[in-house]
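First to last, the sequence lines map onto chains A and E.
According to our numbering, the first sequence holds residues 209 to 329 in order.
According to our numbering, the second sequence holds residues 25 to 311 in order.
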Amino acid sequence: MQEKVIKREVFFDALKPGMKLITPILDDNGRVLVPKDTILTDKIIEKTREFFDGFNDTNRYWIEEKIYIRSQEEEKYELLKQRIADRFKPYQNNHFYQFLENFSLKAFDYLIKKCPELYEK
Amino acid sequence: MKNKIFENTTKNIIENFEKKNTLSAVREIREKFNTLNIKEIHNWLQTNYPEFVDKTKEIFNNLIYQPKTAIHNIDEAIAILGKYKVLETVILYKILKDTFLKEDSHIRKQFYHNIATAIMAHYTVPIFYKTIDSNFEIFICGFYHNFGKMLLLNFEKGMYLNIFDESITENLNFYEVENKVFARSLQILLIIRILKYLEYPEKMQNIIEFYRSPNLGKYQKESSILHISDILVSSLCIGETGDNKLPEFNKTVMNYLHLTPDLMKEVFKLIIPRFVDIPKFTKIILF
Chain A
209 MQEKVIKREV FFDALKPGMK LITPILDDNG RVLVPKDTIL TDKIIEKTRE FFDGFNDTNR
269 YWIEEKIYIR SQEEEKYELL KQRIADRFKP YQNNHFYQFL ENFSLKAFDY LIKKCPELYE
329 K
Chain E
25 MKNKIFENTT KNIIENFEKK NTLSAVREIR EKFNTLNIKE IHNWLQTNYP EFVDKTKEIF
85 NNLIYQPKTA IHNIDEAIAI LGKYKVLETV ILYKILKDTF LKEDSHIRKQ FYHNIATAIM
145 AHYTVPIFYK TIDSNFEIFI CGFYHNFGKM LLLNFEKGMY LNIFDESITE NLNFYEVENK
205 VFARSLQILL IIRILKYLEY PEKMQNIIEF YRSPNLGKYQ KESSILHISD ILVSSLCIGE
265 TGDNKLPEFN KTVMNYLHLT PDLMKEVFKL IIPRFVDIPK FTKIILF
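Structural data, given as structure tokens:
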């Protein structure tokens, strides 16, 4: 999977652990509650939420976060694996077919690496 | 109505072969291979099928044919692989070139499935029947077992896509939709008629006709091999078959062949590596 860093503006309720603050969280008097460049944790978010309790915070905050994007190949790989698994759905409780599913998935892993053209769209 | 669809489709296909003199060409290839010596066959092919002769190395030096030593020309191909394999490959080449003129990804994917089944069947025979020498006939049967779908795609694409779409919507397999609409498999009927037209032996027609229910056919061993090969290849999602679910193994075949997980493992280990040459082979022989 490909890692990508993006910046976006979110409401307080959308803050999540792992996000890095680009703008600080301030109280009503402009005092810094959480400084910029802080990487948010559950604890920080919880404490800040307690501070704002009863107050409808409509401020938006700029954050930076890592997202993971599947390449087209990875998408295709997952889709095909799912297709193989789907073919075996009618035989879910049959040991023999479960063995075959297992062999097929291993063989598929081998083939898609050695010869991706076999699985062209 | 059902008969009319079948008759019209068959008529179109046979008319196409007649336009191209395919049947007389196939007869001539068989006759030359039966009467000429290796050198003469080489010369005859050089004159009549120069593009095949030019591609000899690419056609035969791969994991599908797996020659004992590298093949450089037709003489060596016949000496190493035997007359029958080369003869059947030339016929296959001629039929494919006369039939499929325009590149089509559906047809290519069907071809992948057919070739994979052919390889699986050919190399599976010695595993199940240790006393029988594997013979290329089962390879050809494997190749043709779904050829009717390639023909439908080429001559009646609309009908093929209707069946294909319905199989997806109804979560059925292609042959289940065919059975629902035509009460039989149209693609099997088609291929049997075409094999008959091209004067393939009755045995091959029967093996293919009964590959879904080998216990009803005359050549149960061969149809059984084709039956399990088709299902094993389907389980890998190689190419296109129009099947959304894995077809069920015929119980009689399972008892007959004693297909156990260990045996399946052996089959996969031996045969799967051969599949990597399928796209290359397809480019040479189809498009």
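Glycine included, each C-beta is placed from N, C-alpha and C at the ideal position.
Exercise for review: Return helix, strand or coil for Y243/E, following the three-state DSSP convention.
Suggested key: One-based indexing of the second sequence puts residue 243/E at position 219. Residue state, collapsed to three classes: coil.
Exercise for review: Work out the CA separation of I151/E and D286/E for me, nearest whole Å.
Suggested key: Within the second sequence, residue 286/E is the residue found at index 262, counting from 1. Within the second sequence, residue 151/E is the residue found at index 127, counting from 1. Distance between the alpha carbons of D286/E and I151/E: 12 angstroms.
Practice item. Check whether the Cβ atoms of L223/A and I247/A lie closer than 8 angstroms to each other. Key: By one-based count along the first sequence, residue 223/A stands at place 15. By one-based count along the first sequence, residue 247/A stands at place 39. Cβ atoms of L223/A and I247/A: not closer than 8 angstroms.
Check your understanding: Within 8 angstroms (strictly less), CB to CB, does C165/E reach chain A?
Key -> Counting from one through the second sequence, the residue named residue 165/E turns up at place 141. Answer no: the Cβ-Cβ gap between C165/E and chain A never drops below 8 angstroms.
Point to revise | Rounded straight-line distance, which links the Cα of E75/E to that of F311/E | key: For the purposes of this step, residue 311/E is identified with residue 287 of the second sequence, where counting begins at 1. For the purposes of this step, residue 75/E is identified with residue 51 of the second sequence, where counting begins at 1. Approximately 13 angstroms, taken between the alpha carbons.
Point to revise | Straight-line gap, N186/E to L47/E (C-alpha atoms, nearest Å) | key: Start at 1 with the first residue of the second sequence, and residue 186/E comes out as number 162. Start at 1 with the first residue of the second sequence, and residue 47/E comes out as number 23. If you take the alpha carbons of N186/E and L47/E, they lie about 31 angstroms apart.
Check your understanding: Any Cβ of chain E within less than 8 angstroms of the Cβ of Y285/A?
Key -> Locating residue 285/A in the first sequence gives position 77, where the first residue counts as 1. Not one chain E Cβ lies under 8 angstroms of Y285/A.
Review point. Any idea if H96/E is buried or exposed, counting beta-carbon neighbours within 10 angstroms, 16 or more meaning buried?
Key: Locating residue 96/E in the second sequence gives position 72, where the first residue counts as 1. Per the 10 Å Cβ criterion, exposed.
Review point. Short check: CB of F160/E to CB of K220/E, under 8 angstroms?
Key: As a first step, residue 160/E is located in the second sequence; it is residue number 136 there, counting from the start. As a first step, residue 220/E is located in the second sequence; it is residue number 196 there, counting from the start. No, they are not a contact pair.
Practice item. Would you tell me roughly how many angstroms separate the C-alpha atoms of Q300/A and G226/A, rounded to the nearest one? Key: On the first sequence, residue 300/A is found 92 positions in, with the first residue counted as 1. On the first sequence, residue 226/A is found 18 positions in, with the first residue counted as 1. Using only the alpha carbons, I get a separation of about 39 angstroms.
Exercise for review: Return the chain-ordered list of same chain residues with a C-beta closer than 6 angstroms to the C-beta of K304/E, the five sequence neighbours on each side being excluded.
Suggested key: In the second sequence, residue 304/E corresponds to position 280, counting from 1. Nothing meets the Cβ criterion.
Point to revise | Bounding residues of the beta strand (DSSP E) (the contiguous stretch that carries I214/A) | key: Against the first sequence, residue 214/A aligns to sequence position 6. Counting along the chain, the beta strand (DSSP E) containing I214/A begins and ends at 210 to 219.
Check your understanding: Touch check for the stretch 230 to 242 of chain E and the stretch 269 to 283 of chain E: three-plus C-beta pairs under 8 angstroms?
Key -> yes
Check your understanding: Mind pulling the chain E residues with CB within less than 7 angstroms of A315/A?
Key -> Counting from one through the first sequence, the residue named residue 315/A turns up at place 107. By Cβ distance, chain E contributes L260, F292, I296.
Practice item. State buried or exposed for L213/E, treating a residue as buried only when at least 16 other CB atoms are found within 10 Å of its CB. Key: Position 189 of the second sequence, counted from the first residue, corresponds to residue 213/E. Looking at its Cβ environment, which holds 16 or more other Cβ atoms inside 10 Å, L213/E is buried.
Check your understanding: If F198/E and T265/E are in contact, beta carbons under 8 angstroms, what's the gap, nearest whole angstrom?
Key -> Numbered from 1 along the second sequence, position 174 holds the residue referred to as residue 198/E. Numbered from 1 along the second sequence, position 241 holds the residue referred to as residue 265/E. About 7 angstroms; that satisfies the 8 angstroms criterion.
Review point. For Y136/E, which residues in chain A fall below 8 angstroms Cβ to Cβ?
Key: As a working mapping, residue 136/E is identified with position 112 in the second sequence. Neighbours of Y136/E on chain A, chain order: L326.
Review point. What are the uninterrupted segments assigned as beta strand (DSSP E) that are 3 or more residues long and contained completely in the stretch 104 to 145 of chain E, given in chain order?
Key: none
Review point. In terms of residue numbering, what span does the alpha helix (DSSP H) encompassing Y168/E cover?
Key: For the purposes of this step, residue 168/E is taken as the residue at position 144 of the second sequence. Its alpha helix (DSSP H) spans residues 160 to 168.
Review point. In chain A, which residues lie with their C-beta within 8 angstroms of the C-beta of F299/E?
Key: In the second sequence, the residue the question calls residue 299/E occupies position 275. Ordered by position in chain A, the residues that pass the 8 angstroms Cβ test against F299/E are L319, C323, L326.
**Study point:** the stretch 269 to 288 of chain A / the stretch 213 to 221 of chain A touching (three or more Cβ pairs under 8 angstroms)
**Key:** yes
Review point. Which term fits F299/E, buried or exposed, when burial requires 16 or more other beta carbons within 10 angstroms of its beta carbon?
Key: Taking the second sequence and counting its residues from 1, the one referred to as residue 299/E is at position 275. F299/E should be labelled buried.
Check your understanding: For E272/A, does the three-state DSSP call read helix, strand or coil?
Key -> For the purposes of this step, residue 272/A is taken as residue 64 along the first sequence, with counting starting at 1. The answer is strand: DSSP assigns E272/A an E or B state.
Review point. What residue does the beta strand (DSSP E) around L241/A start on, and which one ends it?
Key: Indexing the first sequence from 1 puts residue 241/A at position 33. Run containing L241/A: 240 to 242, per the beta strand (DSSP E) assignment.
**Study point:** Extent of the continuous alpha helix (DSSP H) run through S279/A
**Key:** Your numbering for residue 279/A matches position 71 in the first sequence. Looking at the DSSP string, S279/A is not in any alpha helix (DSSP H), and its letter there is neither H nor E.
Practice item. Compute the distance between the beta-carbons of F311/A and F171/E, then report whether it is under 8 angstroms. Key: Taking the first residue of the first sequence as 1, we reach residue 311/A at position 103. Taking the first residue of the second sequence as 1, we reach residue 171/E at position 147. No, they are not a contact pair.
Review point. Mind checking G166/E: buried by the 16 CB within 10 Å criterion, or exposed?
Key: Locating residue 166/E in the second sequence gives position 142, where the first residue counts as 1. Buried, because 16 or more other Cβ atoms sit within 10 Å of the Cβ of G166/E.
Review point. Within 10 angstroms of its Cβ, does K173/E collect 16 or more other Cβ (buried), or is it exposed?
Key: By one-based count along the second sequence, residue 173/E stands at place 149. So K173/E counts as buried.
Review point. Buried or exposed: which applies to G238/A, given that a residue is buried once 16 or more other Cβ atoms fall within 10 Å of its Cβ?
Key: The sequence position of residue 238/A within the first sequence is 30, counting from 1. That one is exposed.
Review point. For K406/A, which of helix, strand or coil comes out of DSSP?
Key: Chain A is shown only over 209 to 329; residue 406/A falls outside these bounds and no answer can be derived.
Exercise for review: With a 10 Å radius around its C-beta and 16 neighbouring C-beta atoms as the bar for buried, classify D254/E as buried or exposed.
Suggested key: Here residue 254/E is taken as the residue at index 230 of the second sequence, counted from 1. Classification of D254/E: buried, given that the 10 Å Cβ count is 16 or more.
Exercise for review: Return the CA-CA distance between S209/E and L176/E, expressed in angstroms with no decimal places.
Suggested key: Locating residue 209/E in the second sequence gives position 185, where the first residue counts as 1. Locating residue 176/E in the second sequence gives position 152, where the first residue counts as 1. If I take the Cα positions, the gap works out to 12 angstroms.
**Study point:** First and last residue of the uninterrupted alpha helix (DSSP H) at V77/E
**Key:** On the second sequence, position 53 is the one that residue 77/E refers to. V77/E -> alpha helix (DSSP H) spans 74 to 78.
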